[in-house]
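This report refers to the structure that appears directly beneath it.
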Amino acid sequence: MDLSNFNAMLESNAANLRSTWRNYSLSSSALVAVIVFGGEHLDGKRPMMVFAIIGVHLLAILSSDGQMAQFQALRKDMPEEMASSAVGREWVKQPLAAFRVIGAVMSIAITVTMLMALQ
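For what it's worth, the numbering used here labels the leading residue of the sequence shown as 3, then goes sequentially.
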């Protein structure tokens, strides 16, 4: 793969990951606000909230994991020009699989915490 195509794919994937995290942050913040300030207005709407909480977090896990998998694949297809640079050598050292696991564990922990707060 040539460097310009590689960079275009890398930039596109990074933009997708940023978008996922931004949407996740906004959605999670909105859900927390509803849980905190909803009070008695949530009566009868708890199943909808459970669905929203699980849906937001599941979508974030699946989307982020897919994008991290793309970063791992791109790392394997890195052009020699970049692989021989300091940035390329450092990128190869990054534990992307661990980042995927940590992201999933943190999202699951936040999901459980939100569901507990909803009770």
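Glycine included, every Cβ here is placed at the ideal spot set by N, Cα and C. These numbers were taken from a predicted model, which means no experiment stands behind them.
The C-beta separation of residue 22 from residue 69 comes to about 7 Å, placing the pair in contact by the 8 Å criterion.
Short of 8 Å from the beta carbon of residue 86, and not among the five residues preceding or following it, lies no beta carbon of its own chain. Of the candidates 71, 8, 48 and 95, 48 places its Cα closest to the Cα of residue 119. Counted as a single uninterrupted DSSP element, the alpha helix (DSSP H) harbouring residue 5 occupies residues 5-40. At a Cβ-Cβ threshold of 7 Å, residue 74 and residue 98 count as neighbours.
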